[in-house]
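Everything in the sequence shown is counted per the numbering used here, starting at 334 for the first residue and increasing by one. For reference, the structure is listed below as structure tokens.
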Amino acid sequence: MLARMDIISVNCPHTPATFHLLSARRLKLIRKEAYIVNTARGEVIDEDTMVKLIEAGEIGGAGLDVFENEPAVNPKLVRLAKAAMRRCCRIWGRPRSRAGSRWARK
């Protein structure tokens, strides 16, 4: 029997109304089997809370095409991604900026 997995795909512009659309309160409502895929803008997700919930096993993982403070990548995301490479992949990303791309090649 396959485990249930939900995918939450975030696809919206960054506006004052969508800043941290996935706030701490909303992220805590997500099923622990769910994966968040953000192809919108990094500012739409509260990255610090998302990292804490992934580490605690409260969210399954994330696929990120954007980061909240590009071109800088949140060090917590880097740490989580490196730890995930040692286990199974729980977070992955494809930064668009040159600075982010250098991080991805490390």
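By construction, the Cβ of each residue, glycine as well, lies at the ideal position given by its N, Cα and C atoms. Given the structure is predicted, the values throughout are model-derived calculations rather than measurements.
query: Same chain only: Cβ atoms within 6 Å of Glu380, ignoring 5 sequence neighbours per side; result: Glu401, Asn407
query: Ile369, DSSP secondary structure in three states; result: strand
query: Spatial neighbours of Ala373 in its chain, beta-carbon cut-off 6 Å, leaving aside the 5 residues before and after; result: Val343, Asn344, Cys345
query: Neighbourhood of Asp339 by C-beta, 7 Å cutoff - its chain only, sequence neighbours within 5 removed; result: Arg364, Glu366, Ala367
query: Alpha carbon of Val370 to alpha carbon of Gly390, nearest angstrom; result: 17 Å
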